[in-house]
Amino acid sequence: MGSAQYADDISFSGLLYGTTVRSVCPRGKIRQILFEGNIPWNQFVIVTAKDIPGANCVALIIDDQPYLVEEEIRHPEEAVILLAHPDKYLLEEARRHVRIDVDTLPAVLTMDEALNQNKILKSYQVSKGDVDAVWSQAHKIIEGEYSTGAQEQLYIENNGVTAMANPTDGVTIWGTLQCPYYIHKALIRLFGLPEDKIRVIQTETGGGFGGKEDYPSMIAGHAALLSWKSGKPVRIIYDRAEDMAATTKRHPSRTRIKTAVDAHGKFLAHDIEFIIDGGAYATLSQVVLSRGTIHSSGPYYCPNIRV
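By this note's numbering, the letter at position 43 of the sequence shown is numbered 297, and the numbering carries on one by one without gaps.
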């Protein structure tokens with residue numbers, strides 16, 4: 255019928271468009287930020303980490319990820335500066351003329367590098383029986399190593415949020431999302447407001463598939479910070495390129511499985527190592543890791559298991 259109101263369909267008077275200026279290197283320290291080009295910068299709302307009224311962290315499980323980089327960049331496409339303007343085309347031009355001057359630092363880019371440097375966020379162990387005693391009794395032993403890459407959820411509707419925020423009324427956001435209470439918790443910390451001053455409205459959502467669980471807390475915070483500073487409603491809608499480049503993904507993984515079976519093909523033992531690449535910040539990685547750990551031995555009975 256065409257009657258559903260998605261995040262980009264709802265109209266607001268005096269709306270500003272927001273955008274995010276991001277890092278281009280995987281790791282480094284910010285030396286300076288330069289606003290260049292023939293751009294009327296005095297017309298723009300500009301937000302940096304210094305403008306955050308509460309805590310500069312996306313409250314989730316571990317409060318390690320900032321809304322905006324203060325000094326050290328920890329991954330490509332990390333948010334550094336927010337801009338807003340009534341003209342979304344001039345806004346895009348302005349975004350291209352912000353230059354972040356960075357002293358680059360060594361980066362950890364693979365799971366093997368991280369393991370070699372003992373950069374482990376979380377580990378679990380599941381065990382049953384005596385796996386090591388089984389191998390000599392087995393009729394056959396099967397071993398394999400399996401890997402998956404990062405996977406984009408590719409929801410049809412890109413990430414998008416509109417925010418209205420001020421110290422008197424608090425913060426209200428409308429957006430495409432999966433977990434309203436994640437955003438509610440995050441915005442309480444970001445603005446240092448009581449919970450009844452934060453309102454989260456889930457619009458019609460054009461797909462999520464896990465990709466809109468934790469990340470909308472980030473984009474909601476960005477839109478709300480721009481609204482807080484400007485006193486006007488601010489909308490941030492990612493285009494497909496930014497959505498794919500900047501948002502969280504299904505984790506890359508590596509699984510090694512050693513299985514012992516008897517002469518009838520029944521399982522005697524599984525010895526499994528399951529590793530996922532959690533990236534620069536915790537996000538929901540330890541939850542995903544626990545699910546993989548619990549399910550990796552499969553649905554069939556096996557008397558001896560080590561994961």
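Where a beta carbon is used, it is the ideal one built from N, C-alpha and C, also for glycine.
Nothing here was measured: the structure is a model prediction, and the numbers come from that model.
Burial state of V352 (16 or more Cβ within 10 Å) | On the sequence shown, position 98 is the one that residue 352 refers to. Counting the other CB atoms within 10 Å of its CB gives V352 a total of 16 or more, which places it among the buried residues.
In angstroms, rounded to a whole number, what distance separates the CA positions of I284 and F528?
-> Against the sequence shown, residue 284 aligns to sequence position 30. Against the sequence shown, residue 528 aligns to sequence position 274. When rounded, the distance between both Cα atoms is 36 Å.
Does the distance from the C-beta atom of E411 to that of Y554 stay below 8 Å?
-> Taking the sequence shown and counting its residues from 1, one reaches residue 411 at position 157. Taking the sequence shown and counting its residues from 1, one reaches residue 554 at position 300. Cβ distance not < 8 Å, so E411 and Y554 don't count as in contact.
Taking buried to mean at least 16 other C-beta atoms within 10 Å of its own C-beta, is L314 buried or exposed?
-> Residue numbering aside, residue 314 sits at position 60 when the sequence shown is read from its first letter. So L314 ends up on the buried side.
Taking the Cβ atom as the reference point for each residue, do A417 and P320 lie within a distance shorter than 8 Å?
-> What you label residue 417 is simply residue 163 of the sequence shown in a count that begins at 1. What you label residue 320 is simply residue 66 of the sequence shown in a count that begins at 1. The Cβ atoms of A417 and P320 lie no closer than 8 Å to each other.
Taking C-alpha atoms, which residue in L270, H339, A499, V278 lies nearest to N296?
-> Numbered from its first residue, the sequence shown carries residue 296 at position 42. Here the closest residue by C-alpha is H339.
So, is L322 buried or exposed, given that buried needs 16 or more other C-beta atoms within 10 angstroms?
-> Position 68 of the sequence shown, counted from the first residue, corresponds to residue 322. A residue is called buried once 16 or more other Cβ atoms fall within 10 Å of its Cβ, and L322 is buried on that count.
Residue span of the beta strand (DSSP E) that contains E397, given as start and end | Along the sequence shown, read from residue 1 onward, the residue named residue 397 stands at position 143. Per DSSP, the unbroken beta strand (DSSP E) holding E397 starts and ends at 394 to 402.
Report all residues from its chain with a CB closer than 6 Å to the CB of G383; omit the five preceding and five following residues, and keep chain order.
-> Sequence index remark: in the sequence shown, residue 383 carries index 129 (1-based). Once the five neighbours on either side are set aside, the close Cβ partners of G383 are P557, N558.
Which residues share a DSSP beta bridge with L336?
-> For the purposes of this step, residue 336 is identified with residue 82 of the sequence shown, where counting begins at 1. Answer is T274, V301, bridged to L336.
Beta-carbon separation (whole angstroms), I530 vs S507, contact threshold 8 Å = Here residue 530 corresponds to residue number 276 of the sequence shown, with the count starting at 1. Here residue 507 corresponds to residue number 253 of the sequence shown, with the count starting at 1. Right, their Cβ atoms sit about 5 Å apart.
Should R328 and R276 be called a contact, given that it needs their Cβ atoms to be closer than 8 Å?
-> Position 74 of the sequence shown, counted from the first residue, corresponds to residue 328. Position 22 of the sequence shown, counted from the first residue, corresponds to residue 276. It is not a contact, given that the beta carbons lie outside the stated cut-off.
CB-CB under 8 Å to G398, same chain, minus the five flanking residues each way: which ones, in chain order?
-> Residue numbering aside, residue 398 sits at position 144 when the sequence shown is read from its first letter. So the list reads R510, I511, once near-sequence residues are dropped.
Could you please give me the residues that DSSP links to I287 through a beta bridge?
-> Along the sequence shown, read from residue 1 onward, the residue named residue 287 stands at position 33. Partner residues in the beta bridge of I287, as assigned by DSSP, are I354.
Which whole-angstrom value is the C-beta distance of V415 and I473, which I expect to be below 8 Å?
-> Working through the sequence shown from its first residue, we reach residue 415 at position 161. Working through the sequence shown from its first residue, we reach residue 473 at position 219. About 5 Å; that satisfies the 8 Å criterion.
To the nearest angstrom, how far is it from the Cα of K520 to the Cα of V278?
-> Translated into positions along the sequence shown, residue 520 becomes position 266. Translated into positions along the sequence shown, residue 278 becomes position 24. K520 and V278: Cα-Cα distance of roughly 52 Å.
Per-residue DSSP class, three states only, for M418 = Residue 418 sits at position 164 when you count from the first residue of the sequence shown. In the structure shown, M418 falls within a strand segment according to DSSP collapsed to helix, strand and coil.
Validate contact between the stretch 357 to 370 and the stretch 303 to 311 using beta carbons, cut 8 Å, 3 pairs | The stretch 357 to 370 is not in contact with the stretch 303 to 311.
If we ignore side chains and look at the alpha-carbon of each, how far apart do K304 and E325 end up?
-> What you label residue 304 is simply residue 50 of the sequence shown in a count that begins at 1. What you label residue 325 is simply residue 71 of the sequence shown in a count that begins at 1. Rounded to whole angstroms, K304 to E325 spans 11 Å at the Cα level.
For F445, which of helix, strand or coil comes out of DSSP?
-> Reading the sequence shown from its first residue, position 191 is the one you call residue 445. Helix.
Straight-line gap, Q456 to Y436 (C-alpha atoms, nearest Å) = For the purposes of this step, residue 456 is taken as the residue at position 202 of the sequence shown. For the purposes of this step, residue 436 is taken as the residue at position 182 of the sequence shown. The alpha-carbon atoms of Q456 and Y436 are separated by roughly 12 Å.
Counting along the chain, where does the alpha helix (DSSP H) carrying R281 start and finish?
-> By 1-based counting over the sequence shown, the position of residue 281 is 27. Counting along the chain, R281 sits inside no alpha helix (DSSP H), nor does DSSP assign it H or E at all.
Mind checking whether T502 and G465 have CB atoms under 8 Å apart?
-> Within the sequence shown, numbered from 1, the residue matching residue 502 stands at position 248. Within the sequence shown, numbered from 1, the residue matching residue 465 stands at position 211. The Cβ atoms of T502 and G465 lie closer than 8 Å to each other.
Quick one: using the 10 Å Cβ neighbour count with 16 as the cut-off for buried, is R563 buried or exposed?
-> The shown model of the chain, from 255 to 561, leaves out residue 563, and the question about it has no answer.
Across which residues does DSSP place Y260 in a beta bridge pair?
-> What you label residue 260 is simply residue 6 of the sequence shown in a count that begins at 1. According to DSSP, which records beta bridges pairwise, Y260 is partnered with E458.
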